[in-house]
Structure formats: structure tokens, C-alpha cells
Amino acid sequence: MRTKNLDLLNHSVAQQLLHSKNMARLTYTWVDGTPRVVPLWFQWDGTNILMWTPPTAPKVKALSANPTVAVTIDRNEWPAHILLVRGTAHLSTVPTDAPSYVTMTERYLGAEGSRGWVAQYRQMFPETVQIAIQPAWADVIDMQTRLPSAIARVVAGH
31 MRTKNLDLLN HSVAQQLLHS KNMARLTYTW VDGTPRVVPL WFQWDGTNIL MWTPPTAPKV
91 KALSANPTVA VTIDRNEWPA HILLVRGTAH LSTVPTDAPS YVTMTERYLG AEGSRGWVAQ
151 YRQMFPETVQ IAIQPAWADV IDMQTRLPSA IARVVAGH
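In terms of our numbering, the sequence shown is numbered consecutively and its last residue is 188.
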């Protein structure tokens with residue numbers, strides 16, 4: 031995998047997106063080789079993008095076979111702000127009420143909503159699979175100072 035400056039994860043746009051309530055889109059390869067993308071809640075722990083899924087979710091099988099992934103987090107307003115990450119997914123089984131999972135649900139649902147969600151989810155799945163994505167490549171597009179490469183080349187006269 032081509033490496034790109036991971037310092038871009040500290041860029042102000044990347045930090046805004048990593049701490050936002052926006053959905054992340056996880057892209058992975060299904061076991062038959064076809065691409066898949068799913069929107070998921072996430073939590074940034076300063077090193078990894080964390081996501082969770084039920085142990086019976088099909089993506090667990092696919093990520094176990096091929097942990098190479100891409101993640102996009104963006105916003106709907108103009109100018110577009112986009113964080114692109116490529117990396118490796120590391121799977122681990124954790125209790126459904128793991129602190130990082132609860133913190134993530136509180137960010138999206140608030141404290142009261144999180145309590146209800148976690149209680150209901152725990153009844154269905156006492157354990158959940160944590161997907162920890164270790165970035166190996168990152169890019170930021172803000173449509174002002176950091177443009178998509180094709181546009182940047184035209185603007186630069188190349």
C-alpha cells in the first residue's frame with residue numbers, strides 16, 4: 031500500500047471530521063472479491079478509527095479474510111471536507127458495554143440515548159466485534175487549500 035503522510039490526520043479538517051457525528055463509510059472486499067461499503071458510527075482514539083459490529087455480521091468474515099480497508103468521513107456542506115484513510119482492520123471481541131463503545135454511542139445519541147441503545151444492543155449481543163483500523167495512508171480534501179489531485183493538476187497548469 032502506498033504510504034502518505036499520516037500527519038494529515040492532525041490537519042484541522044481531519045480533526046473536525048474525526049470528532050464529528052458524521053457517519054464513516056467503511057469499504058472492504060467481500061470474500062468473492064467484490065467491493066462493499068457500509069456506513070458506520072465510529073470513534074477516533076488518537077491512533078485508530080474504531081467501529082463495532084455484531085459478531086454475526088457478514089463483514090466480520092470478509093475482514094478476517096482480507097483486512098485491507100478504506101474509510102471516508104465527509105460532511106454535506108460546501109466547501110466539501112473529506113478525510114480519506116486506507117489501512118488495516120484488526121478485529122477483537124469486546125463486551126458490548128466496553129468504554130470506547132459507550133463513549134461512541136454517547137457522542138451520537140447523548141447520555142440517555144446511549145444508555146438505552148447499549149442496554150438493548152447488549153441483550154441481542156453480549157459481545158461485539160471491535161474493528162480497529164490502523165491508518166497507513168491518509169489524505170484531506172477541503173476544496174480550498176487541498177484539492178482533489180486531478181483538479182490540483184489543472185489549477186497548477188500541468
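For glycine and all other residues, C-beta sits at the position ideal for the given N, C-alpha and C.
Item checked: Neighbour flag for G63 against chain D, beta carbons, 9 Å -> Within the model displayed, chain D is absent; a lone protein chain is all it includes.
Note to self: Less than 6 Å between C-beta atoms, sequence neighbours within five positions excluded: which residues of the same chain meet that for Y131?
What the structure shows: W82
Item checked: Cβ neighbour criterion (16 or more within 10 Å) applied to V67 -> exposed
Notebook entry, point to check: According to DSSP, which residues form a beta bridge with R66?
Noted result: Y58
Next item on the list: Please list, in chain order, all residues of the same chain as S144 whose beta carbon is under 7 Å from its beta carbon, the five residues on each side excluded.
Entry: V132, T135, E136
Check: Once you ignore the five residues that flank V41 on each side, which residues in its own chain have a CB closer than 6 Å to its CB?
Finding: It is worth fixing the name first, because residue 41 is His in this sequence and not Val. Closer than 6 Å at Cβ, skipping near neighbours: V170.
Checklist line | P65 and E157 closer than 9 Å at C-beta | finding: no
Check: Tell me which same chain residues have a C-beta within less than 8 Å of the C-beta of T59, skipping the five on either side of it?
Finding: P65, R66, A92, N96, T98
Check: Can you find a heavy atom of the ligand NAP that lies under 8 Å from the Cβ of V115?
Finding: Absence of the ligand NAP is noted for the structure shown, with no ligands found whatsoever.
Notebook entry, point to check: If you follow the beta strand (DSSP E) that M53 is part of, which residue opens it and which one closes it?
Noted result: Where M53 is concerned, there is no enclosing beta strand (DSSP E), given that its DSSP letter is neither H nor E.
Notebook entry, point to check: Using DSSP with H/G/I as helix, E/B as strand and the rest coil, what is D172?
Noted result: coil
Check: For D104, which three-state DSSP category applies?
Finding: strand
Check: The beta strand (DSSP E) spanning L113 covers which residue range?
Finding: 112-125
Next item on the list: Check whether the Cβ atoms of L121 and V159 sit closer than 9 Å, and answer yes or no.
Entry: yes
Check: Quick one: what's got a C-beta closer than 7 Å to R32's C-beta in the same chain, skipping five residues either side?
Finding: Unreliable placement is indicated for R32, whose pLDDT of 43 sits below 50; the coordinate value is still reported in the next sentence. The answer, listed in chain order, is W167.
Notebook entry, point to check: What is the rounded straight-line gap between the Cα of H111 and the Cα of Y138?
Noted result: 20 Å
Notebook entry, point to check: Who pairs with E136 in a beta bridge, going by DSSP?
Noted result: Answer by DSSP bridge pairing: none, since E136 is not bridged.
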